[in-house]
Amino acid sequence: MKLTRRLFGVVSGAALAMGTVPFAAQVAQAQESSTLVIAVPSDPAGLEPGINKAEPIGSEIILNVFDTLVAWQAPDFAELEGRLATEWSVSEDGMTFDFTLRDGVVFHDGTPFNAEAVKFSIERTVEMNPYVEASLGLIESIETPSETEVVFTLSRPYPAFLSILAQPQSAIVSPTAVGELGDDFATNPVGTGPFKFRAYQADTRVVLDANADYYRGAPKLERLIYTIIPEASTRRLELENGGVDIIQQAGQLSAVPSEEMAAFAENDDIQILESPSQIIRQLEFNNSLTDGPFTDVRVRRAIAMAIDYDGLLSGVFDGTAERVYGPLTSNSWAFDPEVMDLAPSYDPEAAKALLAEAGVDPSDLTVKLYSFQGSLWGAVATFVQANLADIGVNVEIAQTEFPSYRALHVAGEWEMALDGRQPWYNDPDAHVTIGYLSALKNSAMTFRMPENAELDAKILEAQGEADMEKRKTLYGEIQKEIVEQVPGAYLFSPKLIVFARSNVEGLVVNSAPPLNEYWSVSKN
Amino acid sequence: MFAFLVRRLLSLIPVLALVLVIVFSLVRLIPGDPAVTLLGPGATDTQIAALRAQLNLDEPALLQLWHYVAGLAQGDMGVSLKSGQPVLDEVLLRLPATLEISIAAVLVAILVGTPIGVLSATRANSGFDHGVRILSLTGVSMPAFLLALLLQLVFATWLGWLPVSGRMSSYLFVDNVTGFALIDAWLSGEPGAVSSVLLHMILPVTVLAAFLAATLGRFVRATMLETLGEDYVRTARAKGLSRREVIYGHALRTSLLPAITVVGLKFAEMLGGAILTETIFSWPGIGRFMFEAIRNRDYPVIQGATLVFALLFMLTSLLVDVLYAVLDPRVRRKMK
Amino acid sequence: MRELIHFLRRNTLAMVGSGILGALLLAVLIGPFLVQSPTAIDMSAKLLPPGPGHWLGTDSFGRDMLARLVHGGRYTLAIGILVVGIAFAIGVFFGVVAGFTGGWLDTLIMRIVDAMLSFPALVLAIALAAAFGPSLENAMIAVAITMAPQFARVARSQALAVSSRLYVDAAHALGLPRRRILLRYVLINAIGPLLVQASLNVGSAILQTASLGFLGLGAQPPMPEWGADVSANLAFARSSPWTALGPGFAILLAVLSFNLIGDSLADWFNPRRRSQS
């Protein structure tokens, strides 16, 4: 009996101790106020600008350790501002770009930044990274007339070039560090950015320390820690308990469920930052098929009219996604509002009539709908399946793991699929060329547009047009033409959502591509 | 002793050989051309051909097996498709994290499971005994992911007493010296680091230990009951030794030996549970590494991790045998 | 047989186990006729807490959790029995062949058995299921394969024991064909211990298949398999715990009921303990 009582005393005492001293409070206070912890779902694919393939986590870290010549200006991200370049000019023909560089900037290892470093970095990426073949690959020569001037000459006009220079692939690396570290540079990146790389522990964290000598002024934080937490539910628990400061929505395959949005909305400790994105998710048809019902535009339109877009946005996404009408999101500078009227809208009765007109009996129509795995895609597929069942079309969902899905998609062995694109640079080119240029259909997951000399030519012309007004007109025509053909049903565009503890200040969510800078962020 | 060790090691060789064959076959079980599956659709024909050559897929199966084993002998477990790093390095990097909670769980399980088994046996068929039996059977029947989720919800979310995930507070940063967070935290001298690591260990260790403690408790109870029924124990009682002396002096000592075997064998089974536990608690060990590899279809990693788990299993059963031989007087005598 | 029933009725744990199992059987046999469809989606009713209309709440698609549980239970019980059945068939075949023929074939089979038992069961099952590709069938096959060696061991030792007995020699001498001797004597005599092994394994078959489902290597959506449901609803565990805990506890109950019964059966077949109770 005595023993039992003593045991009880010990247990309740321990419980009391833990209850009164919350876990978070045991960590030194000073550290907490100057350290920002960001929870991310997976390890960065790499911290090396030279081989970056637009994977979001590594890209964001790169943009905080390195600088680019230019960057999109917060908070609208519609115009470029100078970073390592102070000013620049573009020649009439759109083929020569002349940059004046910032003076007196040094890399984290003490190497001075100059025109040679720019030339070295860009040439290095072109050599190492097949991903930029179609963009930086257009560079014919890089001249360095002086320490503070660099001139790029392209082989043909490419207006998105400046946008590409704002990308992590174009970050400027320390030539000395690359020379000394060789392959190890990938795990010990050295740039000029607001944060210096400190440590990477696989599956655990990436640690960045403030660069006190940063040319825009030292960052307000002393340390930035990316902590790797794969499970979305665990990330949320950590945020609620104050174990981390920020969780980012991984917009790709799984997303923060909207129910949790509602839960956080009532939590005073947590702020929700959201921003429209340029990501598009769609149901696409295999437009290169030569037989089958979907070769008839009326059937494609009927399918597109059977989908309850607003129901999807409110039911599945609870307002965390926006409507899309065509190949570009409505926040793109090249978006043409006319497509809003041209796009098929929800009307199941008209859809049935259209099917009848096309001579298709929906009960004969059984279609396999391919989709990515993951609960978000499962939800969308299930919603679409129910919509199509309403007009009598029988849909079988095939959620397929990514490698095989991509294989069969690129091989064209499908009729209807769920797909999406997150543009990796801020230009309409990133959606239109890759998605609809017929020549690319066997090399990427696209709409598999049939060969159409006129449309293909127009897409390439818009890609290279130096006059921005003309470019916009061209993209307007392209959008309308594509929407007329109903190559798919544009389902939704997820918003970029960042959940942060309410004491985090100064964070601006970057809309396209979603890579945030932490230089101006502070905690109080 | 030496002769025993040699014999025991020799007997491992054919088993090890077959284990290697099984692990080797895993990648060959993938339907279709493994090289195409492994590289995914973006691959060019040249890349596929290169991987086929690297995996020696064009050679006869026996020769492939030979290359695989020869590679292993030089520490070559292949290269992770995701990170491009050697699988062996990746596994070794994560092994300490797994060992850290596993060893702690074994200690906890022994400290909890043994007394429960003894008490249960000495009070056989009492209410206490039935309670313990149901509880321990529940422990054995409990899906690791359910227990982990439950503990996380109750102690981390609702009560807020314990951290949700990870090995130490995200705000702390200590250099990775040994890979064992507890030792690294102690070495760093960072204030609060050691206590942070200990707090983070409580929940995952509890999940792993629950299964082992339940198994051990059941086993100790059963063997104790058997020993208590043996003639010599009855004799001891008849000779006037007290019940307490009989239980702790004779019966418990006799029961503990087989219990070591159980702990040893179940240790490896517990490692299997680590895959689920580490995933839920974001514990950066080989269990979670294997889970991520499954998600990414990173077959060389799946293959490598499977082999490492098997080797750990064989190593623990070898240790158990040796320990048994050292401790058990009968076996010891036989060896001389 | 009557003796066995008598024993089980006097055994508290066995009664508890049978009670749970009986309730589960009733639920999965009758339940599906009483509840809504387990896959019908109703976004207006998503994540409702348990209450009238949805006694166990709804999941993120507004699907009734009770409906998913009782439909999923059919899979679970079928999984337990089928997996053990397959493992039993494979294991007993090789075990009996090894025990009866002896020689190099025996050595080879038992070495393979040793090697397979050198993997933590779940790890081998995961590796096999990953190689076969994710589906419920493949997960079941993977678990069955990892379980078969245990049956092989039991079957072999029983076959050895039985075949050394005189009556097999006698049958041999009478000129009966080997296959019939195997079938008639060895199997029939070894069936008791094998059944204990089987009943003890149903629980772990369910547990392991559910674990594979949890890891995404088993049942694929929208199949209401319990393990896959826990995993799919993990994201809602904080705000709507019933979605993940419901199927989780269902797995626990099913496994526990089989283990309680198996445990008592093992007691019954253990001659020493039988004399005690």
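Chains as they are written, first to last, in the UniProt record's numbering: chain A, 1 to 524; chain B, 1 to 336; chain C, 1 to 277.
Where a beta carbon is used, it is the ideal one built from N, C-alpha and C, also for glycine.
Using alpha carbons as the reference points, say which of B/252, B/191, B/182 lies closest to residue 120 of chain B. For the residues B/252, B/191, B/182, the minimum Cα distance to residue 120 of chain B belongs to B/252.
Go to residue 279 of chain C, then tell me how far its alpha helix (DSSP H) extends in each direction, as first and last residue. With chain C represented from 1 up to 277, any question about residue 279 of chain C goes unanswered, as that position is not in the structure.
Give me, in chain order, the residues of the same chain whose beta-carbon lies closer than 7 Å to that of residue 524 of chain A; leave out the 5 immediate sequence neighbours on both sides. 503, 505
Using only CA atoms, which one of A/185, A/362, A/174, A/61 lies nearest to residue 44 of chain A? A/61
Per DSSP, residue 88 of chain A forms a beta bridge with which residues? A/99
Report the three-state DSSP secondary structure of residue 4 of chain B (helix, strand or coil). Note: residue 4 of chain B maps to helix in three-state DSSP.
Name the two residues that bound the continuous alpha helix (DSSP H) containing residue 595 of chain A. With chain A covering only 1 through 524, there is no way to say anything about residue 595 of chain A.
In this structure, how does DSSP classify residue 444 of chain A when only helix, strand and coil are distinguished? For residue 444 of chain A, the three-state secondary structure derived from DSSP is coil.
With the cut-off set at 9 Å, would you say residue 553 of chain A and residue 243 of chain A are in Cβ contact? Lying before the first or after the last residue shown, residue 553 of chain A is absent from chain A, which here runs from 1 to 524.
Under 7 Å from the C-beta of residue 258 of chain B: neighbouring residues of chain C: Result: empty, since nearest Cβ-Cβ is about 15 Å, beyond 7 Å.
Closer than 9 Å by beta-carbon distance: list the chain B residues that pair up with residue 211 of chain C, in chain order. Under the 9 Å cutoff, chain B gives 143, 144, 145, 272, 273, 275, 276.
In chain order, what residues of the same chain have a beta carbon less than 6 Å from the beta carbon of residue 214 of chain A, not counting five sequence neighbours either side? 194
Contact with chain B by residue 42 of chain A, beta-carbon distance below 9 Å: yes
Own chain, CB closer than 6 Å to residue 53 of chain A, minus 5 neighbours either side, in chain order: 131
Could you pull the start and end residues of the alpha helix (DSSP H) that residue 99 of chain C belongs to? 65-101
Going by alpha carbons, who is nearest to residue 288 of chain A out of A/123, A/440, A/468? A/440
Residue 151 of chain C to residue 18 of chain B, Cα distance in whole Å? 19 Å
Among A/109, A/180, A/490, A/177, which one has its Cα closest to the Cα of residue 344 of chain A? It is A/490 whose Cα lies nearest to the Cα of residue 344 of chain A.
Proximity below 9 Å, CB of residue 360 of chain A to CB of residue 307 of chain A: no
Measuring only the C-alpha atoms, how far is residue 272 of chain B from residue 133 of chain B? Their backbone Cα atoms lie some 24 Å apart in a straight line.
Just the C-alpha distance for residue 142 of chain A and residue 434 of chain A, rounded to the nearest angstrom, thanks. 27 Å
Candidates A/82, A/517, A/486, A/74: which alpha carbon is nearest residue 298 of chain A's? A/486
Under 8 Å, with one C-beta from each stretch per pair, do the region 220-227 of chain A and the region 220-230 of chain C reach the 3-pair mark? no
For residue 382 of chain A, decide whether its Cβ has a neighbour in chain B, counting only Cβ atoms nearer than 9 Å. no
Please list the residues of the region 228-256 of chain C that have a C-beta atom closer than 8 Å to any C-beta atom in chain A, keeping them in chain order. 232, 234, 235, 236, 237, 238, 239, 240
Assign residue 461 of chain A to one of two classes, buried (16 or more other C-beta atoms within 10 Å of its C-beta) or exposed (fewer than that). exposed
Can a CB atom of chain A be found closer than 9 Å to the CB of residue 4 of chain B? no
Three-state secondary structure (DSSP) at residue 105 of chain A? coil
Could you give the residue range of the beta strand (DSSP E) that holds residue 200 of chain A? 195-201
Does DSSP classify residue 209 of chain A as helix, strand or coil? strand
Would you call residue 325 of chain A buried or exposed, if buried means 16 or more other Cβ atoms sit within 10 Å of its Cβ? buried
Distance cutoff 9 Å, beta carbons only. Does residue 36 of chain C sit that close to anything in chain A? No, because no Cβ of chain A sits closer than 9 Å to the Cβ of residue 36 of chain C.
Would you be able to state if there are at least three C-beta pairs under 8 Å between the region 188-208 of chain B and the region 142-156 of chain B? The region 142-156 of chain B is in contact with the region 188-208 of chain B.
Residues that residue 207 of chain A contacts on chain B, provided the C-beta gap is smaller than 7 Å: 173
The region 105-128 of chain C: which residues have C-beta closer than 8 Å to a C-beta of chain B, in chain order? 111, 112, 114, 115, 116, 118, 119, 120, 121, 122, 123, 124, 126, 127, 128
Whose Cβ in chain A lies nearer than 8 Å to the Cβ of residue 157 of chain B? Per Cβ cutoff of 8 Å: 237, 240, 241.
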